[in-house]
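The listed protein sequences correspond, in order, to chains D and S. Yeah, the first sequence ends on 50 if you go by my numbering, and it's all consecutive. Yeah, the second sequence ends on 1200 if you go by my numbering, and it's all consecutive. The beta carbon of each residue, even a glycine, is placed where N, CA and C say it ideally should be.
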Amino acid sequence: MDEKDISDKIKKKINEIVKDENEKQLILELLVKTKRYDAQTKSLTIKKEFQLLLDQYFPFNEGKNE
Amino acid sequence: MSDEIKILSLELQNYRQFYGNQKISFKSRDEGFTVIFGKNGEGKSNLLNAINWCLYKNEPHGVGDDVTSHISENKSLPIINNRCITETKEGTRADVKIDIWIQKGDTVYSITRTLGILKHRLETRKLASGKQEILLYDHEGDRIPKGCEKLGHPFTKFVVTKKGPKDSDFTDTKNDIDPVNMVKEILPYELARYFLLDGEFLEGFWRTSKSIRDGIEQISQLHLISGANEHIQSLMSIPSKGFSRDTDELTTMLKQYDRFENSRDGEGNESWTDEERFKEDLEDPKYYHSTGKPRIKDIEEDIDRINTKLTSISKDIRNLNAVGMDELKEKYSKLEEELKKLEEQYTDAGNTFLYNLIKKGPQVLLKDAIQESIKIIDKEVDLGGLPVKYKRIFAESLLDSQQCVCHEPLRPNDARRKYVEDFKVSLVGKEDKDEAHDLGYVFKKDFLNDYAKFCKDNFEEPRKKHSEAKDKYDEKDREFSGIKTLIANAGGDEAEKLIDKQRSLLERIKKLNEWKSKASSDLSNNNSERGKINVQLAKALKSNEKAQKTLHDLNIWTKIGDTLTEIYDELKDEIREDVQNNTWKNYKQLLSNPSEFISFEIEPDYTVHLLDKNNFNKVRNLSAGQSLLLTLAFVAALRGPTGYKFPLVIDSPAGKIDGPNSHNIGMCLPNFLPNAQLTLLVTNKEYTDNISPDPDFPNLPNTPVCKLLEKKIKLQHFKIQKDKDHQSPNLGNSTILPGKLEYANDPEKGREGWMVVAK
């Protein structure tokens, strides 16, 4: 991931609002991904990539999530 | 993101009027400005087109006329240089190539676009003068001589190579990233119009709020936040089916709500009505979307475009010439301004009333249920069950002090400590209930404790204000209609047509505003219903073991979505206000008469108010010069808070500016955006000619802009020189030469004053 692609102002605001480190990283990665998409990007690709990121930062462990 | 971006050089090969290979090296800001000088029609704007074509395969300047028309100089030229294609032998190939070198931070990029053309037999037609004209055709946006063929890969290609500070040589980036996406990362297309500034764009900038919204949202990357959130919403809305009949039904319902929001039919295709859009251009969209956000966007776009059209009709009406018309036109202008102001007032009042109805109306309907819920919450509070956070704080303070309230020790090995720890653990996840407590407090304070005041403030007063504003508007509108009838009678057919057109457009805007209100209210209801179904779905999924993963994902996405909304809302307001304040500060510095205006505001919906001394909003009625200066001020303001350090190439920065403002440009530009690379494409009129006198500024020196700039900053000149052997409009060639400023003193040949000459 290249966080350099995201403006300092946005990064600062994320740091200000989001305390959880995983949530922070997930949000940054979602923004980097979104930056690379264009009108031609298939929605299925976006869904897959977003889901992969979610599974990476907030994996589902049966019985331990709630 | 914060890396400075600069253009190092531009190399052209056989592009339009530039025959053979030609190159311009650009200065960085600490070395001064690069000034490219050329008379009208010599190819200045085609340099801007060359940069656009190379980076984005787009030529914004002079595009629009059809192939058979030769009115526009740019479009009458084929993309390949005429002399080159004429000299090329039949059956052989000629190339058009543009190479741009860009530096971003420590990395240098070479971006090259090549178009290979195979020549067969050129098709021509004989003109009345006896000359032969080469015919042209459009092929995927490129204008090619008829009888030529556009070749595919590898003759036509787009290549981006890069060299970082540690690389020994340039490497092709295609293995890592598609070249189009690479350029998107360096200088995104959506932002090009904010750094490759075209005179026409600058002049029309303030006619719609779209340029303002796009500028702020895209340069500051707010669109990434809203974009990511939209993707998340689509993920949230399609939980997997197959867990149970209940969840399947709820999922199906959610999909319907999503389809409504995004104007889609049952098969997921875009859904349209048969209501025709306002069309100015053949390429404008034909119909309105059926529902949701796309429909609102269509309507807003049309309102913007109709407003632009209305501004031009108003100008035409003011320019009508007829006896005794002056007084009528003066009244017309005055009433038009007053009417606009009243329209804003009653629209604002209407929006407030509508907003309250949608947002606060349901509270009134649910008053009994809310009262009942609050009783339950209060009971829970009385029993000590709420707020949970106080119970947690209480447990933590006991554990920290290692002592119970009964003074029994709670040290790590004490048995009693375990009870308190278990109590604390049992609270995990229950703090959500505190929201009900907080909400209950708010409902009591703002709603139930003074129900009559709630109804008066939210419904009665706004409705009264709205109907009062509407009455005032209608009264002024009747007066305005009377004046328009008088103008139509006095100005003959032309005036009548203009007034009729204006009347029908105003009616259309009125109708569109009604449609917009209805579409917004429908969307709001749709979203509120979807919210309820989402809650039901979450409950249903929770009780289904197989659906735990889906529920887990749904919860995380909901949280991330809410956080993104919060980030977006906070940033948007901060950035908008920063850009607003900086634009106003910059504008006052650039204007020759800053006291003409008293304030500049960008509203949350990006409409702009530039108030003059009489409190009239002048933003849609600025002169070309004022509009251009305000745009420069805005573009400069975008750089600060958004952190995007793009280079600026400005075509005709002082082309339509009057003497005093030209003088101001000459004085201020060297200090404008101190770290930005700046390239100016100029004509003699705006650059080397003496500044025109102005009766309001009798002491204004006539020093040309070039000399004002030269006093404060180094200037590197290039001169575009038209080849005198090829004067035919279809065959004109230009050469780019290093230039310098020189004073000519030969009045007999009409050469007197400063000029840019080839070195």
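Flag this pair as touching only if the region 1066 to 1078 of chain S and the region 1026 to 1043 of chain S have three or more C-beta atom pairs under 8 Å; answer yes or no.
-> yes
Find the residues of chain D that neighbour residue 777 of chain S, judging by a C-beta separation of less than 7 Å, and give them in chain order.
-> By 1-based counting over the second sequence, the position of residue 777 of chain S is 336. Chain D residues near residue 777 of chain S: none, gap ~39 Å exceeds 7 Å.
Residues within the region 7 to 29 of chain D neighbouring chain S, beta-carbon criterion of under 9 Å = 7, 10, 11, 14, 15, 16, 17, 18, 19, 20, 21, 22, 27
Within 7 Å (strictly less), CB to CB, does residue 1012 of chain S reach chain D?
-> Stepping through the second sequence from its first residue, residue 1012 of chain S is reached at position 571. Chain D contact via Cβ: present.
At least one CB of chain D closer than 7 Å to the CB of residue 662 of chain S: is that the case?
-> For the purposes of this step, residue 662 of chain S is identified with residue 221 of the second sequence, where counting begins at 1. Yes, its Cβ sits closer than 7 Å to a Cβ of chain D.
Considering only residues of the same chain and omitting the five flanking positions on each side of residue 819 of chain S, which have a CB-CB separation below 8 Å?
-> Locating residue 819 of chain S in the second sequence gives position 378, counting from the first residue. Around residue 819 of chain S: 881.
Where the region 615 to 626 of chain S meets chain D: residues whose CB sits under 9 Å from a CB there | 618, 621, 622, 625, 626
Rounded C-beta distance between residue 1081 of chain S and residue 1127 of chain S? I'm assuming under 8 Å.
-> Working through the second sequence from its first residue, we reach residue 1081 of chain S at position 640. Working through the second sequence from its first residue, we reach residue 1127 of chain S at position 686. Not really, about 27 Å apart at Cβ, beyond 8 Å.
Answer yes or no: does any C-beta atom of chain D fall closer than 7 Å to that of residue 981 of chain S?
-> Locating residue 981 of chain S in the second sequence gives position 540, counting from the first residue. No, because no Cβ of chain D sits closer than 7 Å to the Cβ of residue 981 of chain S.
When you compare each of S/736, S/866, S/718, S/664 to residue 728 of chain S by their alpha carbons, which one comes out closest?
-> Sequence index remark: in the second sequence, residue 728 of chain S carries index 287 (1-based). Answer by Cα proximity: S/718.
Per-residue DSSP class, three states only, for residue 989 of chain S | Within the second sequence, the letter at position 548 stands for residue 989 of chain S. The answer is helix: DSSP assigns residue 989 of chain S an H, G or I state.
Compare the C-beta of residue 38 of chain D against all C-beta atoms of chain S and say whether one is closer than 7 Å.
-> Position 54 of the first sequence, counted from the start, is the residue given in the question as residue 38 of chain D. For residue 38 of chain D, a Cβ of chain S is located within less than 7 Å of the residue's own Cβ.
Flag this pair as yes or no: are the beta carbons of residue 790 of chain S and residue 906 of chain S separated by less than 7 Å?
-> As a first step, residue 790 of chain S must be located in the second sequence, where it is residue number 349. As a first step, residue 906 of chain S must be located in the second sequence, where it is residue number 465. Contact flag set, yes.
Could you name the residues of chain S that residue 31 of chain D contacts, counting a contact when the two beta carbons are closer than 9 Å?
-> Walking along the first sequence from the start, residue 31 of chain D turns up at place 47. The contacting residues are 672, 675, 676, 679.
Limits of the unbroken alpha helix (DSSP H) element including residue 900 of chain S | Working through the second sequence from its first residue, we reach residue 900 of chain S at position 459. From DSSP, residue 900 of chain S is part of no alpha helix (DSSP H); its letter is neither H nor E.
For residue 1090 of chain S, the three-state DSSP class (helix, strand or coil) = Start at 1 with the first residue of the second sequence, and residue 1090 of chain S comes out as number 649. In the structure shown, the three-state DSSP call for residue 1090 of chain S is strand.
Beta-carbon contacts of residue 605 of chain S that lie in its chain and below 7 Å, excluding the five residues immediately before and after = The count along the second sequence starts at 1 and reaches residue 605 of chain S at position 164. Only 547, 548 meet the Cβ criterion.
Using the Cα positions of residue 742 of chain S and residue 647 of chain S, report the straight-line distance between them to the nearest angstrom.
-> If you number the second sequence from 1, residue 742 of chain S lands on position 301. If you number the second sequence from 1, residue 647 of chain S lands on position 206. Residue 742 of chain S and residue 647 of chain S: Cα-Cα distance of roughly 14 Å.
Residue 9 of chain D to residue 1133 of chain S span [Cα, whole Å] | Here the question's residue 9 of chain D lines up with position 25 in the first sequence. Here the question's residue 1133 of chain S lines up with position 692 in the second sequence. One C-alpha to the other measures close to 58 Å.
Rounded to a whole number of angstroms, what is the C-alpha to C-alpha distance between residue 711 of chain S and residue 474 of chain S?
-> Locating residue 711 of chain S in the second sequence gives position 270, where the first residue counts as 1. Locating residue 474 of chain S in the second sequence gives position 33, where the first residue counts as 1. Computed Cα separation, rounded: 49 Å.
Looking at the structure shown, is residue 663 of chain S part of a helix, part of a strand, or coil, going by DSSP?
-> Here residue 663 of chain S corresponds to residue number 222 of the second sequence, with the count starting at 1. Residue 663 of chain S: helix per DSSP, three-state reduction.
Please name the residue or residues paired with residue 579 of chain S in a DSSP beta bridge.
-> On the second sequence, residue 579 of chain S is found 138 positions in, with the first residue counted as 1. For residue 579 of chain S, which the question treats as bridged, DSSP gives the partners S/584.
Examine the Cβ distances between the region 1171 to 1186 of chain S and the region 455 to 470 of chain S and report whether three or more of them are shorter than 8 Å.
-> yes
For residue 23 of chain D, is the classification buried or exposed, using 16 other Cβ atoms within 10 angstroms of its Cβ as the cut-off for buried?
-> Working through the first sequence from its first residue, we reach residue 23 of chain D at position 39. With fewer than 16 other Cβ atoms within 10 Å, it is exposed.
Chain-ordered chain D contacts of residue 669 of chain S [CB-CB under 7 Å] = As a first step, residue 669 of chain S is located in the second sequence; it is residue number 228 there, counting from the start. Residues of chain D passing the Cβ test: 14, 15, 18.
Would you list, in chain order, the members of the region 982 to 1005 of chain S that have their beta-carbon closer than 8 Å to a beta-carbon of chain D?
-> 989, 990, 993, 994, 997, 998, 1000, 1001, 1004, 1005
Where residue 837 of chain S falls, given that 16 or more other Cβ within 10 Å makes a residue buried = Your numbering for residue 837 of chain S matches position 396 in the second sequence. Label assigned to residue 837 of chain S: exposed.
Taking all protein chains shown into account, do 16 or more other C-beta atoms lie within 10 angstroms of the C-beta of residue 1067 of chain S, making it buried, or fewer, making it exposed?
-> Indexing the second sequence from 1 puts residue 1067 of chain S at position 626. Burial call: buried.
Using 8 Å as the threshold, is the region 529 to 538 of chain S in touch with the region 661 to 673 of chain S, meaning 3 or more CB pairs across them?
-> no
What residue range is occupied by the uninterrupted alpha helix (DSSP H) comprising residue 494 of chain S?
-> As a working note, residue 494 of chain S is residue 53 in the second sequence. Here the alpha helix (DSSP H) through residue 494 of chain S covers 485 to 497.
Helix, strand or coil: which one does DSSP assign to residue 1154 of chain S?
-> Here residue 1154 of chain S corresponds to residue number 713 of the second sequence, with the count starting at 1. If DSSP states are grouped into helix, strand and coil, residue 1154 of chain S belongs with coil.
Candidates S/992, S/456, S/878, of which the one nearest residue 558 of chain S by Cα = The count along the second sequence starts at 1 and reaches residue 558 of chain S at position 117. When each option's Cα is compared against that of residue 558 of chain S, the closest is S/456.
Please state whether DSSP places residue 618 of chain S in a helix, a strand or coil.
-> In the second sequence, residue 618 of chain S corresponds to position 177, counting from 1. Residue 618 of chain S falls in the coil class under three-state DSSP.
What are the start and end residues of the alpha helix (DSSP H) that includes residue 536 of chain S?
-> Residue numbering aside, residue 536 of chain S sits at position 95 when the second sequence is read from its first letter. Note, residue 536 of chain S: premise wrong, no alpha helix (DSSP H); beta strand (DSSP E) at 534 to 545.
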